[in-house]
Amino acid sequence: MNTTPDGRPVPPAHADERGMLEAWLDFHRATLALKCSGLKDDQVRLAAASPSSMTLLGLVQHLAEVERNWFQRVFAGQDVSPVFGENNLDGFGLRPERGIGEATAAWQAEVARGRELIADASLDDSGYLSEQEAGHVGDQGVSLRWIMVHMIEEYARHNGHADLIREQIDGVTGA
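Under my numbering, the first residue of the sequence shown is numbered 1, with each subsequent residue one higher.
Structure, rendered in C-alpha cells:
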C-alpha cells in the first residue's frame with residue numbers, strides 16, 4: 001500500500017467496492033489523526049472561528065461517538081451508552097480532566113470495535129435506525145454500504161473543519 005508523504009494510506013486506484021470503501025474511510029480517519037498530531041492539550045481545545053466552539057479535541061470526541069453510533073448501535077443493534085457520558089451525546093463537550101490522549105484512545109477503540117463488527121458482514125447487510133432517525137433517511141433499515149458511505153462523508157466534512165481549526169492554531173495547512 002502506498003502512503004502520502006505524511007504517512008496516511010493512499011486508497012488504491014483499483015479495488016473492489018468493499019476494499020475501496022474501507023480504504024477511503026481509513027484515509028479520512030488518518031487525516032483526522034494527522035490534524036491533531038504534534039499539538040499540546042491546550043491547543044486542541046482552541047476554537048478557531050467565533051462564534052463556533054468547535055475544537056480539534058471536540059471533533060475527536062464527536063467522531064468517537066459517531067463510530068459507536070453507526071457501527072455498534074445502528075449496524076450491530078447494540079444498546080451502548082454514549083462514549084463520553086449521557087450529558088455529552090454528540091461528543092463535542094470538553095472536560096478539563098480529559099485531554100487529547102484519552103480522547104484519541106477512546107476514538108481508536110471505537111474504530112477498532114467498528115472494524116470487528118463489520119469484518120464478516122456483507123455490504124448488503126442492514127442495520128436499523130430509530131423511528132426518528134428513519135424519518136430523515138426515509139427507511140428504518142440502512143445497509144452497511146450506506147453506513148460506510150455516510151461515515152466517509154462525516155469524516156470528510158469534519159476534516160474540513162479540522163483543516164480550518166489547525167490553520168488558526170499554528171498556521172499548518174494541507175493534508
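C-beta atoms are modelled at their ideal positions from N, C-alpha and C, and glycine is treated no differently.
- Assignment of G114 by DSSP, reduced to helix, strand and coil, places it in the helix class.
- Taking C-beta atoms under 8 Å as the contact rule, P11 and W24 qualify, at a distance of about 5 Å.
- Look at the beta carbons and you see the stretch 28–38 not touching the stretch 130–137: under three pairs across the two are nearer than 8 Å.
- Just so you know, the alpha carbons of G99 and V83 end up roughly 14 Å apart.
- Per DSSP, the unbroken beta strand (DSSP E) holding G141 starts and ends at 141–143.
- P9 is bridged by DSSP to T3.
- By the Cβ test, the stretch 158–167 is in contact with the stretch 59–66, since at least three Cβ pairs between them sit closer than 8 Å.
- Residue pairing by DSSP puts G127 in a beta bridge opposite V142.
- In the three-state DSSP reduction, G160 falls in the helix class (H, G or I).
- If you draw a straight line from the Cα of D120 to the Cα of V74, it comes to about 16 Å.
- The shortest CA-to-CA distance from G93 to any of D139, V44, A112, D79 is the one to V44.
- Measuring C-alpha to C-alpha distances from D139 to each of L129, M148, I147 identifies L129 as the nearest.
- Spatial neighbours of Q78 in its own chain (CB-CB distance under 6 Å, excluding positions within 5 residues in sequence) are listed in chain order as Q72.
- Per DSSP, the unbroken alpha helix (DSSP H) holding V60 starts and ends at 56–67.
- By the Cβ-count criterion, E153 is exposed, with fewer than 16 other Cβ atoms from all chains shown falling within 10 Å of its own Cβ.
- The alpha-carbon of Q168 is positioned some 21 Å away from that of L63.
- Note on E131: under 16 other CB atoms within 10 angstroms of its CB, so exposed under the neighbour-count rule.
- DSSP places A23 inside the alpha helix (DSSP H), whose first and last residues are 17–36.
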